[in-house]
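*Asks:*
Take a look at the structure:
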């Protein structure tokens, strides 16, 4: 069964490209969300196995959303132009650097999905 | 008249030919001298230029010597005017109470018993003169010393003023770190009074994270491995706030070569540090934005590559980058807050060139839109225009485009609409291939404003309409 992914990025162009890449890689993209409100709405209507989360959404930190995902037990990888040091809320989630390296992105997603308790 | 020429001995010998004899004897050995007729005249003529005085016992004993005594008493420290008193036979000081009274009053006095041999008088006179000359030399010496002391005092005052009024903080610090002397500026920087600061050590007011580094430097200065050092560090002010200072330290040594005290020059650089931090923040933000923009460019490249042939790729990619770049220019103009929608539409249509762009009619109220709306709408308009040039109403000699935007819906939840409507061009059919252009037109613009797109391939022309809650599109000054 194809694993379900929600893409959270406030750049629609990037989100659509990720959607195409991940679909080609065999995932099912259940939605694209640009704001925290849209993320919550999407998670209600379309459950997912993993979230690709942009570290900044419309100049707001995605930290509270990350906390929410951890509490809900939903696995996620973080995408950002910032370094890990600059994202103070990052825990052990993989950080995918922007601009993207497709291999790094898929490796990060694979790593998270393989963790048994996620 | 030089000082030398004014100097002369005075003598009083009113009896008989004494005066004439004395004058002749002294002049014979070239001692300038001048006679006085009374003690009063003598008193009035006494000066520092008087080399010595010769007087007879009788004259002195019969006169009031109070004024002379006062003059003698008032002499400056270098001066002790010699007196030679001519006395009668057998009336030396040891046997003559009057002579001993004179000795007490006159101080530096020699008695010469009459009748005397001229040689004796002359040798006494020369001795007195030589003694007086030594006093004059001592006076010169003393004056030089006093002058030196005045200069020293002036110089000290100048240095003190420099120390006190310097525009940077200066402190003298003992090898153990206690403040010995501090200037006004330093007190202002750290917020302590002079007296308070001098009860403290520099260690006490230094931020603990910076102290170890500073102590290493101080140790090296005390061991005489280095003469000076400089560093930026933090102090605690008296009110507990933290300030950044630039510290430069030199040392002053004792004659045995050990360090006597350290001279610390202290500059408050808190403002500069704060600006540095802001620049750092800004640089990080610029880095983030540029990486994000690179990721957008990467996405455009990926998506263009998915449905352009290798031959078309370069042109298609370049056209899309130009569309993106036009929106960026407008964003920068308004400090990345918003874009005028009319400007945005014009910039995206500019590449159509004349006369094709004259076939586009634009109608809408002037409004400002948010950066993400600007990017979504801008890229959609770019793709619509490209499409119209290739296949639509701008592809032939006839046909035109209408761009309209407006708002409607209830006042508490207004909606924004923007429409691209082609008319008068070749008959239109929905294309079978759904390429990147279509994705941008249909989905990207909708995602950018969390709205909906209606796309119709009517036979008389393509019709595109983007609708979204107004708050997702229109920029409001907060």
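Chains as they are written, first to last, in our numbering: chain D, 1 to 118; chain G, 119 to 596.
We treat Cβ as the ideally placed atom computed from N, Cα and C, and that holds for glycine.
Hey, how far is the Cα of residue 118 of chain D from the Cα of residue 50 of chain D?
*Replies:* Confidence is the limiting factor: at residue 118 of chain D the pLDDT is only 43, short of 50, which leaves the residue's position unreliable, though a coordinate-based value still follows. Whole-angstrom Cα-Cα distance: 9 Å.
*Asks:* Check whether the Cβ atoms of residue 616 of chain G and residue 485 of chain G sit closer than 8 Å, and answer yes or no.
*Replies:* In this structure chain G extends from 119 to 596, so residue 616 of chain G is not present and cannot be described.
*Asks:* Whose C-beta lies closer than 8 Å to the C-beta of residue 468 of chain G among residues of the same chain, with five residues either side of it excluded?
*Replies:* Within the same chain, residue 468 of chain G has close Cβ partners 444 and 475.
*Asks:* Hey, which unbroken runs of the beta strand (DSSP E) at 3 residues or more fall wholly within the segment 209–271 of chain G?
*Replies:* 227–231
*Asks:* Quick one: Cα of residue 7 of chain D to Cα of residue 66 of chain D, how far?
*Replies:* 13 Å
*Asks:* Using a Cβ-Cβ cut-off of 8 Å (strictly less than) and excluding sequence neighbours within five positions of residue 5 of chain D, which residues of its own chain qualify?
*Replies:* Around residue 5 of chain D: 22, 27, 28, 29, 30, 48, 49, 50, 51, 52 and 109.
*Asks:* Is it the case that the segment 343–362 of chain G contacts the segment 262–282 of chain G, given that we only count it when at least three CB pairs across the two stretches are under 8 Å?
*Replies:* no
*Asks:* For residue 193 of chain G, does the three-state DSSP call read helix, strand or coil?
*Replies:* coil
*Asks:* Quick one: using the 10 Å Cβ neighbour count with 16 as the cut-off for buried, is residue 550 of chain G buried or exposed?
*Replies:* With fewer than 16 Cβ atoms within 10 Å of its Cβ, residue 550 of chain G is classed as exposed.
*Asks:* With 16 as the cutoff for other CB atoms within 10 Å, does residue 13 of chain D come out buried or exposed?
*Replies:* buried
*Asks:* What residue range is occupied by the uninterrupted beta strand (DSSP E) comprising residue 50 of chain D?
*Replies:* 50–54
*Asks:* Got a sec: is the Cβ-Cβ distance from residue 43 of chain D to anything in chain G below 8 Å?
*Replies:* no
*Asks:* Would you mind working out which of G:573, G:527 and G:478 sits nearest residue 541 of chain G, comparing C-alpha positions?
*Replies:* G:478
*Asks:* Rank G:591, G:334, G:192 and G:538 by C-alpha distance to the C-alpha of residue 532 of chain G and give the top, closest one.
*Replies:* G:591
*Asks:* Report, in whole angstroms, the separation of the C-beta atoms of residue 325 of chain G and residue 353 of chain G, which I expect to be a contact under 8 Å.
*Replies:* 7 Å
*Asks:* Going by alpha carbons, who is nearest to residue 320 of chain G out of G:280, G:379, G:587 and G:123?
*Replies:* G:379
*Asks:* Please identify, using Cβ separations under 9 Å, the residues of the segment 545–559 of chain G that lie next to chain D, in order along the chain.
*Replies:* The segment 545–559 of chain G vs chain D, Cβ under 9 Å: 554, 557 and 558.
*Asks:* Using a 10 Å radius around the Cβ and a threshold of 16 neighbouring Cβ atoms, would you call residue 420 of chain G buried or exposed?
*Replies:* Result: buried.
*Asks:* Going by CA-CA distance only, name the one from G:586, G:366, G:195 and G:587 that's closest to residue 258 of chain G.
*Replies:* G:195
*Asks:* Between the Cα of residue 242 of chain G and the Cα atoms of G:436, G:304, G:276 and G:169, which residue gives the shortest distance?
*Replies:* G:169
*Asks:* By Cβ distance, which residues of its chain are closer than 7 Å to residue 423 of chain G, with the 5 residues on each side in sequence left out?
*Replies:* 431
*Asks:* Name the DSSP beta bridge partners of residue 353 of chain G, please?
*Replies:* G:324 and G:361
*Asks:* Give the DSSP-derived three-state secondary structure of residue 574 of chain G in the structure shown.
*Replies:* strand
*Asks:* Are the Cβ atoms of residue 411 of chain G and residue 16 of chain D separated by less than 8 Å?
*Replies:* Cβ atoms of residue 411 of chain G and residue 16 of chain D: not closer than 8 Å.
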